[in-house]
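By the count of my numbering, the sequence shown reaches residue 252 at its end, each step adding exactly one.
All C-beta atoms in this analysis are idealised placements derived from N, C-alpha and C, irrespective of residue type, glycine included.
Below is one structure, written out as structure tokens, with a few remarks after it.
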Amino acid sequence: MFLTRRTALMATAAATAAFAAAPSFVLAQEVPKPSGTVDMDKLLEPGALSEEVLGPEDAKVTIVEYASMTCSHCAHFHETTWPTLKKDYIDTGKVRFILREFPFDPRAAAAFMLARCAPEGKYYPMVDVLFDKQKDWAFVKNARAPMENIAKLAGFTQESFEACLTNQKLLDDINAVRERGASEFGVDATPTFFINGKKYSGAMSVEQMSAIIDPLL
């Protein structure tokens, strides 16, 4: 009995050690599969609004994200994946990133309008704050007060806040970006990413995005 028990304990210990010594086989990240492909030249053609671009033009990888500001999955991506993606890939010149507006409702459109009206260079910081504070304005009965507070922290005055949200041309242009994304590139959910022309839907993790990006570098 003693030998049998001892043998069992040794076998268990050996199996545990083998498991610990080979984590790559257990933790290897499966590369997400794209749901389609679009022509990159067509994807990058100018649209109704100027592009908000981060990263160098000659980066080996270009990512275009279509997002809605009231999309909780988009907020999750920008909270959990975006900081590392920006630090490790965009800021290092490996990736060129473009965020495009795909509002699903008037509040999302209003939030994008405020981001577009933010002082030069503050589009992405404004988007970050709006996603970070999404629960404060996106899902409450009255969104005006919390959105106004966020805008004022970004440097808006009462007058510039009102002027931004009553800018019909800006609203029309944001809706045109959304309509083009839907009609030309088949965007029907957010977030949707195009990575060197391949389409991926859903809020991917850092590990998933790295699995796609790294082989392209």
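Uninterrupted beta strand (DSSP E) stretches at least 3 residues long and entirely within the region 97 to 140 occur at 130 to 136, given in chain order. For residue 196, the uninterrupted alpha helix (DSSP H) run begins and ends at 193 to 200, by DSSP. The way I'd put it, the region 65 to 75 does touch the region 233 to 241; three or more beta-carbon pairs between them come closer than 8 Å. In the displayed model, residue 228 falls within a strand according to three-state DSSP. About 5 Å separates the Cβ atoms of residue 181 and residue 171, confirming a contact at the 8 Å cut-off. Measuring C-alpha to C-alpha distances from residue 116 to each of 126, 243, 250 identifies 243 as the nearest. Here the alpha carbon of residue 155 sits roughly 10 Å from the alpha carbon of residue 87. Cα atoms of residue 146 and residue 249: separation of roughly 33 Å, rounded to the nearest angstrom. Beta-bridge pairing by DSSP links residue 90 to no other residue.
Pairing residue 121 with residue 189, the inter-Cα distance amounts to about 21 Å.
Per DSSP, reduced to three states, the secondary structure at residue 236 is strand. In this structure, the beta-carbon distance from residue 134 to residue 186 does not fall below 8 Å. When rounded, the separation of the alpha-carbon atoms in residue 229 and residue 222 is 10 Å. When 212, 224, 252 are compared, the shortest CA-CA separation from residue 80 is found for 212. Beyond the five residues adjoining it in sequence on each side, residue 138 comes within less than 7 Å, by CB distance, of 103, 104, 144, 147, 209, 213 in the same chain, given in chain order.
Its Cα nearest to that of residue 127, the residue 95 stands out among 106, 95, 219, 71.
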